[in-house]
Amino acid sequence: MLYNQARNILTREIRAAKRSYSEKLRNQFSTNEPANMWKTLKNITCFSKPPSQAEKNQQLVDDLNVFYCRFENKLPPPISTTHISNQQQPSLLQLAPIHWVHNLW
Numbered sequence: 037m038l039y040n041q042a043r044n045i046l047t048r049e050i051r052a053a054k055r056s057y058s059e060k061l062r063n064q065f066s067t068n069e070p071a072n073m074w075k076t077l078k079n080i081t082c083f084s085k086p087p088s089q090a091e092k093n094q095q096l097v098d099d100l101n102v103f104y105c106r107f108e109n110k111l112p113p114p115i116s117t118t119h120i121s122n123q124q125q126p127s128l129l130q131l132a133p134i135h136w137v138h139n140l141w
């Protein structure tokens, strides 16, 4: 019987604490003070702002810079383009030898 009594007392106290907390929140919202309302909402949702700046790690910055710059150093020079008029461009059929096309079958 001791266990049942302790369980019932605990359940009653938990319900009373929940009612008290609910009333406290209701009172904070009914005061029409925006600061209190936002404070309560942040408290209920466990909201916190993320840090405004990333960690200042100069070594990481240098490592990333070296990593990405290595690609730029190995790039070939840009190819200069020349404009060919439509009359000068050979067609694909003219590029393929006739005997090669017949050997496919």
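Number 66 in our numbering belongs to position 30 of the sequence shown; there are no gaps in the numbering.
Note that CB positions come from ideal geometry on N, CA and C, so glycine has one too.
All values derive from a computational prediction rather than experimental measurement.
Contact between methionine 73 and phenylalanine 65 holds: CB atoms are separated by about 6 Å, below the 8 Å threshold. In the structure shown, the three-state DSSP call for isoleucine 115 is coil. Here glutamine 64 carries a helix assignment [DSSP, helix/strand/coil].
If you check the CB distance, leucine 61 and threonine 47 do not come in under 8 Å.
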